[in-house]
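Residue numbering for the sequence shown follows the UniProt record's numbering, beginning at 1 and increasing consecutively. All residues carry an ideal CB built from backbone N, CA and C; glycine is no exception.
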Amino acid sequence: MQTRKKYIFLTFLASWLLLFLFGGDQLRRFSFFSGKKAEARRNWPRWTDRSLLKSFADAEELPRDGDPSLLSPWERRAAWLSVYRSSRCRMETCFDFSRCEKHGFKVFTYPQERGQPVSETYGKILSSIERSRYHTANPEEACLFILSIDTLDRDHLSGQYVQNVDEKIRSFPLWNGGRNHLIFNLYSGTWPDYAGDLGFDIGQAILAKASFDTESFRPGFDVSIPLFSKDHPQRGGDRGWLHQDSVPPKKKYLLVFKGKRYLTGIGSGTRNALHHIHNGKDIISLTTCKHGKDWEKHKDTRCDKDNIDYERFDYQELLHNSTFCIVPRGRRLGSFRFLEALQAACIPVLLSDGWELPFAEAIDWGKAAVVGSERLLLQIPSAVRCIHPERVLAFQQQTQFLWDAYFSSVDKIVHTTLEIIKDRLSPHRSRSRFLWNALPGGLLVLPDFSTHLGDFPFYYLQHGYSPSKKFTAFIRAASQAGSLSQPILRLIQAVSGSQYCAQIVVLWSCEKPPPPSGKWPQTTVPLTIIQGRRQLSDRFFPFEAIQTDAVLSLDEDTSLSTSEVDFAFLVWRSFPERIVGFPTQSHFWDPEQGRWGYTSRWTNELSIVLTAAAFYHRYYHSLFTEYLPAGLRELVDGLAACEDILMNVLVAAVTKLPPIKVTQRKQHKELVAQQAECRDGAAGTPPPGQRSPSAPHSAPAEVKGTAGSRPFSQRQDCLNQLADWFGYMPLVSSQLRLDPVLFKDQVSVLRKKYPSLEKP
Numbered sequence: 001m002q003t004r005k006k007y008i009f010l011t012f013l014a015s016w017l018l019l020f021l022f023g024g025d026q027l028r029r030f031s032f033f034s035g036k037k038a039e040a041r042r043n044w045p046r047w048t049d050r051s052l053l054k055s056f057a058d059a060e061e062l063p064r065d066g067d068p069s070l071l072s073p074w075e076r077r078a079a080w081l082s083v084y085r086s087s088r089c090r091m092e093t094c095f096d097f098s099r100c101e102k103h104g105f106k107v108f109t110y111p112q113e114r115g116q117p118v119s120e121t122y123g124k125i126l127s128s129i130e131r132s133r134y135h136t137a138n139p140e141e142a143c144l145f146i147l148s149i150d151t152l153d154r155d156h157l158s159g160q161y162v163q164n165v166d167e168k169i170r171s172f173p174l175w176n177g178g179r180n181h182l183i184f185n186l187y188s189g190t191w192p193d194y195a196g197d198l199g200f201d202i203g204q205a206i207l208a209k210a211s212f213d214t215e216s217f218r219p220g221f222d223v224s225i226p227l228f229s230k231d232h233p234q235r236g237g238d239r240g241w242l243h244q245d246s247v248p249p250k251k252k253y254l255l256v257f258k259g260k261r262y263l264t265g266i267g268s269g270t271r272n273a274l275h276h277i278h279n280g281k282d283i284i285s286l287t288t289c290k291h292g293k294d295w296e297k298h299k300d301t302r303c304d305k306d307n308i309d310y311e312r313f314d315y316q317e318l319l320h321n322s323t324f325c326i327v328p329r330g331r332r333l334g335s336f337r338f339l340e341a342l343q344a345a346c347i348p349v350l351l352s353d354g355w356e357l358p359f360a361e362a363i364d365w366g367k368a369a370v371v372g373s374e375r376l377l378l379q380i381p382s383a384v385r386c387i388h389p390e391r392v393l394a395f396q397q398q399t400q401f402l403w404d405a406y407f408s409s410v411d412k413i414v415h416t417t418l419e420i421i422k423d424r425l426s427p428h429r430s431r432s433r434f435l436w437n438a439l440p441g442g443l444l445v446l447p448d449f450s451t452h453l454g455d456f457p458f459y460y461l462q463h464g465y466s467p468s469k470k471f472t473a474f475i476r477a478a479s480q481a482g483s484l485s486q487p488i489l490r491l492i493q494a495v496s497g498s499q500y501c502a503q504i505v506v507l508w509s510c511e512k513p514p515p516p517s518g519k520w521p522q523t524t525v526p527l528t529i530i531q532g533r534r535q536l537s538d539r540f541f542p543f544e545a546i547q548t549d550a551v552l553s554l555d556e557d558t559s560l561s562t563s564e565v566d567f568a569f570l571v572w573r574s575f576p577e578r579i580v581g582f583p584t585q586s587h588f589w590d591p592e593q594g595r596w597g598y599t600s601r602w603t604n605e606l607s608i609v610l611t612a613a614a615f616y617h618r619y620y621h622s623l624f625t626e627y628l629p630a631g632l633r634e635l636v637d638g639l640a641a642c643e644d645i646l647m648n649v650l651v652a653a654v655t656k657l658p659p660i661k662v663t664q665r666k667q668h669k670e671l672v673a674q675q676a677e678c679r680d681g682a683a684g685t686p687p688p689g690q691r692s693p694s695a696p697h698s699a700p701a702e703v704k705g706t707a708g709s710r711p712f713s714q715r716q717d718c719l720n721q722l723a724d725w726f727g728y729m730p731l732v733s734s735q736l737r738l739d740p741v742l743f744k745d746q747v748s749v750l751r752k753k754y755p756s757l758e759k760p
């Protein structure tokens, strides 16, 4: 018995010895075992601990361990969870899809409260939504809600910080814990750590935030947006700096940076180390300590020299003449220079670890930016030198595309945010990543039209598709009921004689019913009559009767021969993304009037092809009706002969290309809309009780080919109102006209494919 007890005791003692040998270090961490209070948590990591990380920087450049900005991942996560209590939100769990089923993707903005301040930037965001196609004034129709409270600047030291947001939003009957709400934010947190604290509980709301941290970002739910200044344009925006045939083979500088250097606090580490890569030749890295109120109290030995070097170079000149631009983090992860570099076609080199890049859910930043690591700064110069020149040019071109498509204005930033959320509602009809990253961009490709690349006019050349070999003739008629005019009868016969005509669709836009079927001419192709709503914008409605890719838009008084139609269609098949037609007009800037002018004078310049006789892709019908807001279509219905200008402006805004004029046997005479042939309320006049949209009036000069001063003046007013709405003039001028081979050459007519085009 004594022997057994001895063995048990020895076994127990051996077990404790083994536990101390192999697990003692872990056990000593518990306060009850050590008998001492736990020491204060050590900031993680200690960047000055040379045994952990050898530093290439001077000791004075490094943040100290006592810096409160150096939080461990666990501490940052805990701070984030205290703000975002619904951290596990997904679209499936925190979004009510049923609100979007009946009325589609509609957005309601809360009405402004009296005495509630709103910053200029937040006013632009609200305006972008309210003037868009998404907006609804009825909250019962809304799928998404936007607060009227300015939440952009949540730095409590800022003068634009709004107090008591929690109390205010809880009083809103529509708040519902933040469900189906979208909150915009540009600045969060404050000195010294600039954490993601917004100062109120967002609940189940979607957060569209600049400088988003990947740890706090909720994938598939939140949206990362770029940081932009209060001077960012509402709409339109400046063009990118990379123009055709303007790219030098090699720019003066390879890599540049010019900006603030923070002496203490978060964000100081990377910027303090940037001077190590400066060589004064092809790599320019300039920083200044001279900012803030008390910079002299913290200045180091480098400050005076840095400030002198800083003034020697112009920031804009560096952007223009450098291939790569360093975009380090500031106090927050994002900075204004990110968009500045994109616009300048200076390839961004990002040094902001943990930054969720803007719209990364849709945009492939690997094609437009170099994503570096703050800890590997010294490797950046050699890395960018290894990039092949062809790839450098591809990067630069992609920066210009992304800038123009998604970032050049507040409108585009807001609309991109909304479209990303809309795509989540119907994943089976969402845009592919290719559509977001290829011309003309995701905003101009409507997934409700199609998700197949071959159905759009932009991707034929890239993917080997080709448009359909037939076209639909779409004739807008406004004749009196009971008889058909001779011009429309001749037009139907000429168009139906084309070997490429698949069908003829007549849009009857008069109050009286169309003539019976027996009154219409017999044709070899199907003839369909559609009763319109007597509005000018009806001619661009996406009618289901149009089944071909090509649409030949015609007025009933247009005079064309079969040869003209055949040749124009073959030209269009080579340029399916453009408008190809016969009668042309042009625009110009009138410096005396300070506005855009419109002329029908026959010159070598053209920028508009009238849709009285023009080919275009049927997708533009969907874009015209579903992409443009209702206000622009109302403008078209209120001003005579404005619809063809809007269609030309829309296509030019999408393609950045001019229309194409083809050979015309007879000069087109622009006629006044046949308002007298219809009763009140017919096409070309606003409905009773409604006024036409007003515009600045200036008497037009007498121009050859105009059809009366009032319609011509209305066209000029239309042109200027469209330029104001888009924020710039999208129309592109051209001097190109395409003729058949051997056109008017002194050779036998037997050698010519379209000899009838030369007959008077």
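Residue i burial status per 10 Å Cβ neighbour count (16 or more: buried)
{"i": "ALA208", "result": "buried"}
{"i": "GLU577", "result": "buried"}
{"i": "ILE8", "result": "exposed"}
{"i": "ASN648", "result": "buried"}
{"i": "GLU556", "result": "buried"}
{"i": "SER211", "result": "buried"}
{"i": "LYS250", "result": "exposed"}
{"i": "SER553", "result": "buried"}
Residue i to residue j span [Cα, whole Å]
{"i": "TYR592", "j": "GLN721", "result": "According to the sequence displayed, residue 592 carries Glu and not Tyr. About 18 Å."}
{"i": "LEU444", "j": "CYS100", "result": "21 Å"}
{"i": "ASN176", "j": "SER127", "result": "24 Å"}
{"i": "residue 782", "j": "THR548", "result": "Examination of residue 782 is not possible in this model, given that the chain is present from 1 through 760 alone."}
{"i": "CYS510", "j": "ALA502", "result": "25 Å"}
{"i": "LEU439", "j": "PHE458", "result": "7 Å"}
{"i": "THR523", "j": "ALA550", "result": "20 Å"}
{"i": "PRO629", "j": "ARG385", "result": "47 Å"}
{"i": "ILE146", "j": "GLN112", "result": "11 Å"}
{"i": "LYS470", "j": "HIS415", "result": "35 Å"}
Beta-carbon gap between residue i and residue j smaller than 8 Å
{"i": "LYS258", "j": "TYR187", "result": "no"}
{"i": "TRP403", "j": "GLN343", "result": "yes"}
{"i": "THR584", "j": "ILE608", "result": "yes"}
{"i": "ASN185", "j": "LEU152", "result": "yes"}
{"i": "residue 803", "j": "GLY196", "result": "Lying outside 1 to 760, the shown extent of the chain, residue 803 is not represented and no answer is given."}
{"i": "THR270", "j": "PRO328", "result": "yes"}
{"i": "PHE474", "j": "LEU507", "result": "yes"}
{"i": "TYR627", "j": "PHE456", "result": "no"}
{"i": "LEU632", "j": "TRP725", "result": "yes"}
{"i": "PRO658", "j": "SER586", "result": "no"}
{"i": "SER756", "j": "SER561", "result": "yes"}
{"i": "VAL732", "j": "ALA614", "result": "no"}
Coil, strand or helix - residue i by DSSP
{"i": "GLN735", "result": "coil"}
{"i": "GLY236", "result": "coil"}
{"i": "ASP555", "result": "strand"}
{"i": "CYS718", "result": "helix"}
{"i": "ILE546", "result": "coil"}
{"i": "ILE8", "result": "helix"}
{"i": "ARG490", "result": "helix"}
{"i": "TRP596", "result": "strand"}
{"i": "SER127", "result": "helix"}
{"i": "PRO226", "result": "coil"}
{"i": "SER322", "result": "strand"}
{"i": "ILE202", "result": "coil"}
Expected contact under 8 Å - CB spacing of residue i and residue j to nearest Å
{"i": "VAL525", "j": "ILE504", "result": "6 Å"}
{"i": "PHE395", "j": "ALA368", "result": "6 Å"}
{"i": "PHE313", "j": "ILE277", "result": "In fact, because the Cβ distance is near 15 Å, the residues do not count as touching under 8 Å."}
{"i": "GLY727", "j": "PRO233", "result": "6 Å"}
{"i": "TYR110", "j": "ARG331", "result": "The pair is not a contact, with the Cβ atoms about 30 Å apart (cut-off 8 Å)."}
{"i": "PHE105", "j": "LYS422", "result": "5 Å"}
{"i": "GLY220", "j": "ARG424", "result": "7 Å"}
{"i": "GLY240", "j": "ALA345", "result": "6 Å"}
{"i": "LEU610", "j": "CYS718", "result": "Actually they are not in contact, since the Cβ atoms of LEU610 and CYS718 sit about 13 Å apart, beyond 8 Å."}
Cutoff 8 Å: residue i Cβ touching any chain D Cβ
{"i": "LEU507", "result": "The structure shown has no chain D; it contains just one protein chain."}
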